[in-house]
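Note sheet for the following structure.
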Ligand SMILES: [Fe+2]
């Protein structure tokens, strides 16, 4: 980030980079599990849900990339190793349904992840408000997407 860019960011730099890295790591975790789900989900509706999870994986990968870009702008470094990613994400142990045809079981896992993401971006949006407008806008943007995705998963559970 350039001189003026640094000057207008009024937040504890270390704190902000740490929060962004948590989000970056979490997006990778969701990306990984959505990608895995698209490959292992089974049963009659496999084509539909494999595609839904694949799209979700792509979306979360996009989120991770946007956060990485912001981390770089702020002069930071995204967490590098997979073990650090899992640790930084700070998400509970993920377990998919043993029965691979249990679509709702898969969806429930992703719904929980969306809720975790919503809390994360809501917090980041609040704390950057009026202090770091660029990160604030990114957090708001991602928050809106995660909120929409939560609703989509909720609707799938009602089907
Ligand atoms: Fe996301």
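Residue numbers (the numbering used here): 958 to 1116. Even for Gly, the Cβ is constructed at its ideal location relative to N, Cα and C.
Exercise for the section: For residue 978, I'd like the list of residues in its chain whose CB is within less than 6 angstroms of its CB, leaving aside the five on either flank, ordered along the chain. Expected result: 1036, 1045
Problem - Bounding residues of the alpha helix (DSSP H) (the contiguous stretch that carries residue 992) - result: Residues 970-997.
Problem - Sub-7 angstroms separation of residue 1060 and residue 990 beta-carbons - result: no
Problem - CA-to-CA distance, residue 1082 to residue 995, given in whole angstroms - result: In a straight line, the C-alpha of residue 995 is about 31 angstroms away from that of residue 1082.
Problem - Cα-Cα separation, residue 1067 to residue 987 - result: Between residue 1067 and residue 987, the C-alpha separation is close to 8 angstroms.
Practice task
Using only the heavy atoms of ligand 1, determine whether one of them is closer than 6 angstroms to the beta carbon of residue 970.
Solution key: no
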